[in-house]
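K.L.:
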Amino acid sequence: MIVFRDPAEVPADFAPSVTVVGKFDGVHSGHRAVIARARVDAAARGLQVVAVTFDRNPLALLRPDVCPESLIGVHQKVQLLSETGVDAVLVLRFDEELAAIPADDFAQTVLVDALHARSVLVGADFRFGRGGEGTADSLAEYGLSHGFDVHVVDEVRAQEHGRRVSSTWIRELLAEGDVTSAAKLLGRLPSVWGEVVHGHKRGRAIGFPTANLSPDLEGFVPADGVYAGWLVDQDSAGGLRPGVRRPAAISIGTNPTFDDVASRQVEAYVLDETDLDLYGHFVELRFVQMLRPMTAFRGIDALIEQITDDVTRTREVLLKAESGR
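Its first residue numbered 1, the sequence shown is counted upward by one per residue in UniProt numbering.
1. For the pair the region 266 to 282 and the region 166 to 184, tell me if three or more CB-CB distances fall below 8 Å.
2. Can you name the start and end residues of the beta strand (DSSP E) that residue 250 belongs to?
3. In angstroms with no decimal places, state the Cα-to-Cα distance between residue 214 and residue 199.
4. Buried or exposed for residue 46, please, with buried defined as at least 16 other CB atoms from any protein chain shown within 10 angstroms of its CB.
5. How big is the Cα-Cα spacing for residue 68 and residue 147?
6. Please return the same chain residues whose Cβ sits closer than 7 Å to the Cβ of residue 143, not counting the five positions on each side in sequence.
7. Please report the distance separating the alpha-carbon of residue 19 from that of residue 114.
8. Secondary structure at residue 61, three-state DSSP: helix, strand or coil?
9. Give me the Cα-Cα distance between residue 306 and residue 291, rounded to the nearest whole angstrom.
10. Spatial neighbours of residue 112 within its chain, please: C-beta separation below 6 Å, excluding the five flanking residues on both sides.
11. Report the residue from 228, 99, 86, 160 whose alpha carbon sits nearest the alpha carbon of residue 184.
12. Quick one: give me the first and last residue of the beta strand (DSSP E) that residue 211 is part of.
13. Measuring alpha carbon to alpha carbon, tell me which of 310, 156, 1 ends up nearest residue 78.
14. With 8 Å set as the bound, which would you pick, yes or no: does the beta-carbon of residue 122 sit closer than that to a beta-carbon of chain C?
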């Protein structure tokens, strides 16, 4: 998959495309439905599939007071879009200059001149251009005279609830610690991604060394608690082999037993591994199920007993999850 960061980076001879445009926050099942439709269209017409997205939620610039926390960061978004089978991704920097571009100019520069779009797929609430002046209908009118058609893809709704699958709903679930339900809407396990940094090393002292993620990690951090999940090391083979998934008990919170941690920490103990050196590595933590809320314990012995139980339950949860795949 090719990644472009500016329309000017797209070669002049870039093949005609079916283009999907959106924030793609979370790259959830609703987004995947749009992309799947684009892939079918592209296959039938012998075209490429290109996803156009932004490096941040436009509201972060336009209305920071109401901008929600993103489900994923740019690194995660590009990786997840690549897994959907698109041929290229154009990640636009949403700054004041881009925000001021009239809708027709955006369509001309991005869709016509750069991507040679023959078909454009968007969601029902699609807006683009200065002040959100452009809509799916106005884009369709523009496309009539510029060689592309526009299709609005129907919303994906959860059968059990009848509610539209959305980033807002997924954020609500993660804030409650319900990573299992969030995974159903995402079509994948919710995850965070970041660099492993040095912590207090208390886990190592009691036999459960953890990989602590930097506070500037990417991804929506679920509610405080302990989770069964997976750690995927995406760096060199100095620790785990790149891309290898390992079972992990993941802790999120301020470590109330010691009461000296000022901010929330995300850390993971890789089961049965006590000598891994992951410092400086970038890892992904994938959440399967919440085991318990964060709790303060009366002493180290009680804490060790609970962590031992957490590890046992993590094995059980992951084994059950894998057998059900």
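We treat Cβ as the ideally placed atom computed from N, Cα and C, and that holds for glycine.
P.N.:
With the structure as the only source:
1. no
2. Start at 1 with the first residue of the sequence shown, and residue 250 comes out as number 250. Segment 245 to 253, the beta strand (DSSP E) holding residue 250.
3. In the sequence shown, counting from the first residue as 1, residue 214 sits at position 214. In the sequence shown, counting from the first residue as 1, residue 199 sits at position 199. Their Cα atoms are separated by approximately 9 Å.
4. If you number the sequence shown from 1, residue 46 lands on position 46. Burial call: exposed.
5. By one-based count along the sequence shown, residue 68 stands at place 68. By one-based count along the sequence shown, residue 147 stands at place 147. Spanning the two alpha carbons is a distance of roughly 36 Å.
6. For the purposes of this step, residue 143 is taken as residue 143 along the sequence shown, with counting starting at 1. The answer, listed in chain order, is 120, 149, 150.
7. For the purposes of this step, residue 19 is taken as residue 19 along the sequence shown, with counting starting at 1. For the purposes of this step, residue 114 is taken as residue 114 along the sequence shown, with counting starting at 1. Spanning the two alpha carbons is a distance of roughly 11 Å.
8. Working through the sequence shown from its first residue, we reach residue 61 at position 61. Correct three-state label for residue 61: helix.
9. Indexing the sequence shown from 1 puts residue 306 at position 306. Indexing the sequence shown from 1 puts residue 291 at position 291. Their backbone Cα atoms lie some 11 Å apart in a straight line.
10. Position 112 of the sequence shown, counted from the start, is the residue given in the question as residue 112. Correct list, in chain order: 146.
11. For the purposes of this step, residue 184 is taken as the residue at position 184 of the sequence shown. Out of 228, 99, 86, 160, 160 has the C-alpha closest to the C-alpha of residue 184.
12. Residue numbering aside, residue 211 sits at position 211 when the sequence shown is read from its first letter. Where residue 211 is concerned, the enclosing beta strand (DSSP E) stretches over 211 to 213.
13. Numbered from its first residue, the sequence shown carries residue 78 at position 78. When only C-alpha atoms are compared, the closest one is 1.
14. Among the chains in the structure shown there is no chain C, since it carries only a single protein chain.
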